[in-house]
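**Q**
Numbering (full-length UniProt numbering), first residue to last: 1 to 108.
(1) Who are the Cβ neighbours of residue 83 in its own chain at under 7 Å, not counting the five residues just before and after it?
(2) Check whether the Cβ atoms of residue 93 and residue 30 lie closer than 8 Å to each other.
(3) Which word fits residue 16, buried or exposed, when buried means at least 16 other C-beta atoms lie within 10 angstroms of its C-beta?
(4) By the DSSP assignment, the alpha helix (DSSP H) with residue 25 in it spans what residues?
(5) How close, in whole Å, do the beta carbons of residue 81 and residue 40 come, if the pair is a contact with beta carbons under 8 Å?
(6) Are the CB atoms of residue 95 and residue 14 nearer to each other than 8 Å?
(7) From residue 87 to residue 36, what does the alpha carbon distance come to, in whole angstroms?
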C-alpha cells in the first residue's frame, strides 16, 4: 500500500460527516427532511507500527481489490456505530429543513 492509497480511519469517518453536512446543505429550501439514524460502519484496517523516533501505531483503511502483492502488516475488521448529533441543539441530526412537507400533489 503506497502512501497515496492510505486512508486513515479518522479521514474515513470525517468523510461520512462531511457528506452528511453536504446533504443537509443541498436540501435547504426543500419541504422534506430526514432524521439521520444510527450509522453502522465497518472497515478492514491494517495496523502498522512506524519505528521512527516516536514509534506510533496508525490504523489505515484497507482498499478493497485483488492483486498479486502481499503485505507484512496485520489486518483486522473493525465495526462500530455512530449516532449523529446536532452540536447546536444536542438533538438528532436532520437532513432537510423545518417546514412541513406539502404532499397534496403526491401521486397525481
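Don't be surprised by glycine CBs; every beta carbon is placed ideally from N, CA and C.
**A** Reading off the structure:
(1) For the purposes of this step, residue 83 is taken as residue 83 along the chain shown, with counting starting at 1. Cβ within range, chain order: 38.
(2) Counting from one through the chain shown, the residue named residue 93 turns up at place 93. Counting from one through the chain shown, the residue named residue 30 turns up at place 30. Their beta carbons are not under 8 Å apart, which means residue 93 does not touch residue 30 by this criterion.
(3) As a working note, residue 16 is residue 16 in the chain shown. Residue 16 is exposed by the Cβ-count criterion.
(4) Residue numbering aside, residue 25 sits at position 25 when the chain shown is read from its first letter. 9-26 is the span of the alpha helix (DSSP H), which, as asked, contains residue 25.
(5) As a working mapping, residue 81 is identified with position 81 in the chain shown. As a working mapping, residue 40 is identified with position 40 in the chain shown. That belief holds up - the Cβ atoms of residue 81 and residue 40 are roughly 5 Å apart, short of 8 Å.
(6) The count along the chain shown starts at 1 and reaches residue 95 at position 95. The count along the chain shown starts at 1 and reaches residue 14 at position 14. Not in contact: residue 95 and residue 14 (Cβ atoms no closer than 8 Å).
(7) Looking up residue 87 in the chain shown gives position 87. Looking up residue 36 in the chain shown gives position 36. Each residue's Cα considered, the two are about 14 Å apart.
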